[in-house]
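In my numbering, the protein residues as written are 52 to 146. Each residue gets a CB set at the ideal place from its N, CA and C atoms; glycine is no exception. Every value quoted in this text rests on a predicted model; they were computed, and no experiment measured them. Following: one structure in structure tokens, then a few remarks.
Below, the structure written as structure tokens:
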């Protein structure tokens, strides 16, 4: 069993690596409403402005140099400025 402190440390490490959200391969978000670790979960809250994005088809988390850390195909229509909550949960895997 992995101790909760180690899971928290890994979530904190990931928090330090994530520098930006890139939507649809081109729209970058670097300012977060919330970016914090609680227990073993990294929470990212960010605003998607309707003036810039009307449909999200891809959400990438990247480090400062632009390396993709996570990539998720999605289908999220945006009808007004939208607050997105994205979480990364660190947990022990099972066989």
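Exposed or buried, which one is residue i when buried takes at least 16 other CB atoms within 10 Å?
| i | result |
| --- | --- |
| residue 113 | buried |
| residue 85 | exposed |
| residue 107 | buried |
| residue 56 | exposed |
| residue 82 | exposed |
| residue 53 | exposed |
Please name the residue or residues paired with residue i in a DSSP beta bridge.
| i | result |
| --- | --- |
| residue 110 | 74 and 123 |
| residue 86 | 95 |
| residue 138 | 94 |
| residue 65 | DSSP, once it has assigned bridges, lists no residue as partnering residue 65. |
| residue 133 | 99 |
| residue 128 | 106 |
| residue 80 | 72 |
Quick one: what's got a C-beta closer than 8 Å to residue i's C-beta in the same chain, skipping five residues either side?
| i | result |
| --- | --- |
| residue 80 | 71, 72, 73, 74, 97, 98 and 99 |
| residue 101 | 129, 130, 131, 132 and 133 |
Short of 7 Å in beta carbon distance, which residues of its chain neighbour residue i, apart from the five on each side in sequence? Order them along the chain.
| i | result |
| --- | --- |
| residue 68 | 114 and 120 |
Please list, in chain order, all residues of the same chain as residue i whose beta carbon is under 6 Å from its beta carbon, the five residues on each side excluded.
| i | result |
| --- | --- |
| residue 143 | 53 |
| residue 138 | 92 and 94 |
Flag this pair as touching only if the segment 87 to 99 and the segment 114 to 124 have three or more C-beta atom pairs under 8 Å; answer yes or no. Result no; under three Cβ-Cβ pairs closer than 8 Å.
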